[in-house]
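Participant:
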C-alpha cells in the first residue's frame, strides 16, 4: 500500500534522480528529464467511467562502453473516478521501467548490420508497479531478448522481441486464487516492442516525435480463471523545443501533445474499461 500521494511522489522522484545522477558519473553520455502528462480520458478494467490522471515522469537514458541504460518512473494520480482503497480520493500508482542494452557493435568492435539494421543488441529489463486501490496490484515483470537498432538519419528506432514472465497481486476476495493465495504467476509470453525518438524540423520549428508500442501475447488465465487475450499499448507524443525558440536553450523545455492507445489492458477483455484512447498535454524539462 502506498503512502500519501505527496510523500510517494517526492520519494520516488528523489530516488530516481539519485540513481540517475550516480549512473551519469560513469557514462559516455546521459540525458535526464522531468516530465508531466495530463489527460481526462483514461480507463481502468472493471470501471465503466472515464477518469483524469496527472502523471509525473522522471526519465534517465545513458550510454557507456558496452551499451546503454533506460530508466523511467511514472507517478500517476487519478481523480475520484478511480478511487484509492477505502477512500473517495483518487488512487496513486507508481510504475518503474528499466531496460539495459548490450550492443553487439561495442562488444565485438564491429556492428551486426544488414539491410535497414545498423546494429543489434541484447536487451534485459524489469517492470515494477504498485497502486493503492482495492485490487492492490504489485506487478513484477522480467524481460530479455534481441533488439534490432534500425538505421535512421537522426534519433533512433529500436525493435525488440522479448521473452517475458510476470507476477502480480490481487487484493480482492473475489479473485478466487487456489489456496487462498493473493499472488499469481502468469504464463510466460512474448512482447514485441517498438520504441522511437525522431527529431525533425517543421520549417523554423524544432520538433520531435517519440513513443513506444508494445504487443503482449496471451499469458494464461487471470485471477478469476478467465483466459487473457493479446494486449496492445502505444504511448506517443509530438513535442516542440520551446526552450530553443524562447532563449536558445536547445533540448531544455519541450511542450506538446500526447496520445495513449490501450487495448485489452493487462490482458483483460469483455468487460468495461479495458480500452483507452486518451489525448494528453505533455511537457519535459531536461536537466
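Numbering (mature numbering (1 follows the signal peptide of the UniProt record, and there is no 0)), first residue to last: -26 to -1, 1 to 261. All residues carry an ideal CB built from backbone N, CA and C; glycine is no exception.
1) How many angstroms separate the CA atom of residue 187 from the CA atom of residue 147?
2) To the nearest angstrom, how far is it from the Cα of residue 135 to the Cα of residue 100?
3) For residue 159, collect the residues of the same chain with a Cβ closer than 6 Å to its Cβ; drop the 5 residues on either side in sequence, then sort them by chain order.
4) Going by C-alpha distance, which of 182, 83, 77 and 105 is nearest residue 128?
5) Where do the ends of the alpha helix (DSSP H) carrying residue 23 lie?
6) Kindly indicate which residue of 163, 116, 98 and 173 has the alpha-carbon position closest to the one of residue 202.
7) Quick test of the definition: if touching needs 3 or more C-beta pairs under 8 Å, does the region 211 to 227 touch the region 193 to 201?
8) Under a Cβ-count criterion, where at least 16 other Cβ atoms within 10 Å of its own Cβ denotes burial, should residue 228 be classed as buried or exposed?
9) Under 8 Å: do the region 223 to 238 and the region 100 to 120 share three or more Cβ pairs, one atom per stretch?
10) Just curious, the beta strand (DSSP E) that residue 169 is in, first and last residue?
11) Where are the alpha helix (DSSP H) runs, 4 residues long or more, that stay fully inside the region 193 to 235, in chain order?
12) For residue 75, list the residues DSSP reports as bridge partners.
13) Am I right that residue 8 and residue 259 are in contact with their C-beta atoms under 8 Å? What's the rounded C-beta distance?
14) Report yes if the CB atom of residue 41 is closer than 8 Å to the CB atom of residue 54, and no otherwise.
15) I need the straight-line Cα distance from residue 185 to residue 173, nearest angstrom please.
16) To the nearest angstrom, how far is it from the Cα of residue 47 to the Cα of residue 86?
17) Leaving out five residues on either side along the sequence, give the residues of the same chain with a beta carbon under 6 Å from the beta carbon of residue 246.
18) Given that a residue counts as buried once 16 or more other Cβ atoms are within 10 Å of its Cβ, and exposed if not, what is residue 16?
19) Cutting at 6 Å between CB atoms, please list the residues of its own chain near residue 249, excluding the five before and the five after it.
20) Between residue 123 and residue 73, is the Cβ-Cβ spacing less than 8 Å?
21) Look at the Cβ atom of residue 50, then the Cβ atom of residue 80, and state whether they are nearer than 8 Å.
22) Could you have a look at residue 86 and say whether DSSP puts it in helix, strand or coil?
23) Between the alpha carbons of residue 192 and residue 115, how many angstroms are there, rounded?
24) Rounded to whole angstroms, what is the Cα-Cα separation between residue 126 and residue 253?
25) Considering only DSSP beta bridges, list what residue 8 is partnered with.
26) Measuring CA to CA, which of 119, 235, 45 and 120 is closest to residue 207?
27) Where in the region 108 to 134 do unbroken runs of the beta strand (DSSP E), each at least 3 residues long, occur, reported from the N-terminal end onward?
28) For residue 220 and residue 84, what's the separation of their Cα atoms in angstroms?
Facilitator: For this structure:
1) Position 213 of the chain shown, counted from the start, is the residue given in the question as residue 187. Position 173 of the chain shown, counted from the start, is the residue given in the question as residue 147. Going from the Cα of residue 187 to the Cα of residue 147 covers about 33 Å.
2) Against the chain shown, residue 135 aligns to sequence position 161. Against the chain shown, residue 100 aligns to sequence position 126. If you take the alpha carbons of residue 135 and residue 100, they lie about 15 Å apart.
3) Working through the chain shown from its first residue, we reach residue 159 at position 185. So the list reads 141, once near-sequence residues are dropped.
4) For the purposes of this step, residue 128 is taken as residue 154 along the chain shown, with counting starting at 1. Selected option, being the one with the closest Cα: 182.
5) For the purposes of this step, residue 23 is identified with residue 49 of the chain shown, where counting begins at 1. First-last for residue 23: 21 to 38, but that is the beta strand (DSSP E), not the alpha helix (DSSP H).
6) Against the chain shown, residue 202 aligns to sequence position 228. Looking at the Cα atoms, 163 is the closest of the given residues.
7) no
8) Counting from one through the chain shown, the residue named residue 228 turns up at place 254. Burial call: buried.
9) no
10) Here residue 169 refers to the residue found at position 195 when the chain shown is read from its first residue. Run containing residue 169: 163 to 176, per the beta strand (DSSP E) assignment.
11) 216 to 221
12) By 1-based counting over the chain shown, the position of residue 75 is 101. Its beta-bridge partners are 42 and 97.
13) Start at 1 with the first residue of the chain shown, and residue 8 comes out as number 34. Start at 1 with the first residue of the chain shown, and residue 259 comes out as number 285. So it is a contact: roughly 5 Å between Cβ atoms.
14) As a working note, residue 41 is residue 67 in the chain shown. As a working note, residue 54 is residue 80 in the chain shown. No. Outside cutoff.
15) Within the chain shown, residue 185 is the residue found at index 211, counting from 1. Within the chain shown, residue 173 is the residue found at index 199, counting from 1. Distance between the alpha carbons of residue 185 and residue 173: 12 Å.
16) Position 73 of the chain shown holds residue 47. Position 112 of the chain shown holds residue 86. About 31 Å.
17) On the chain shown, residue 246 is found 272 positions in, with the first residue counted as 1. Counting only Cβ-Cβ distances below 6 Å, and skipping sequence neighbours, we find 22.
18) Residue 16 sits at position 42 when you count from the first residue of the chain shown. Residue 16 comes out buried.
19) Mapped onto the chain shown, residue 249 falls at position 275. Within the same chain, residue 249 has close Cβ partners 237.
20) Working through the chain shown from its first residue, we reach residue 123 at position 149. Working through the chain shown from its first residue, we reach residue 73 at position 99. Their beta carbons are not under 8 Å apart, which means residue 123 does not touch residue 73 by this criterion.
21) The residue you call residue 50 lines up with position 76 of the chain shown. The residue you call residue 80 lines up with position 106 of the chain shown. Cβ atoms of residue 50 and residue 80: not closer than 8 Å.
22) By 1-based counting over the chain shown, the position of residue 86 is 112. Coil.
23) Residue mapping note: residue 192 aligns to position 218 of the chain shown, counting from 1. Residue mapping note: residue 115 aligns to position 141 of the chain shown, counting from 1. Those two C-alpha atoms are separated by around 15 Å.
24) For the purposes of this step, residue 126 is taken as the residue at position 152 of the chain shown. For the purposes of this step, residue 253 is taken as the residue at position 279 of the chain shown. Approximately 27 Å, taken between the alpha carbons.
25) Here residue 8 corresponds to residue number 34 of the chain shown, with the count starting at 1. Answer by DSSP bridge pairing, in chain order: 32 and 259.
26) In the chain shown, residue 207 corresponds to position 233, counting from 1. When each option's Cα is compared against that of residue 207, the closest is 235.
27) 114 to 124
28) What you label residue 220 is simply residue 246 of the chain shown in a count that begins at 1. What you label residue 84 is simply residue 110 of the chain shown in a count that begins at 1. Near 41 Å, if we compare the C-alpha coordinates of residue 84 and residue 220.
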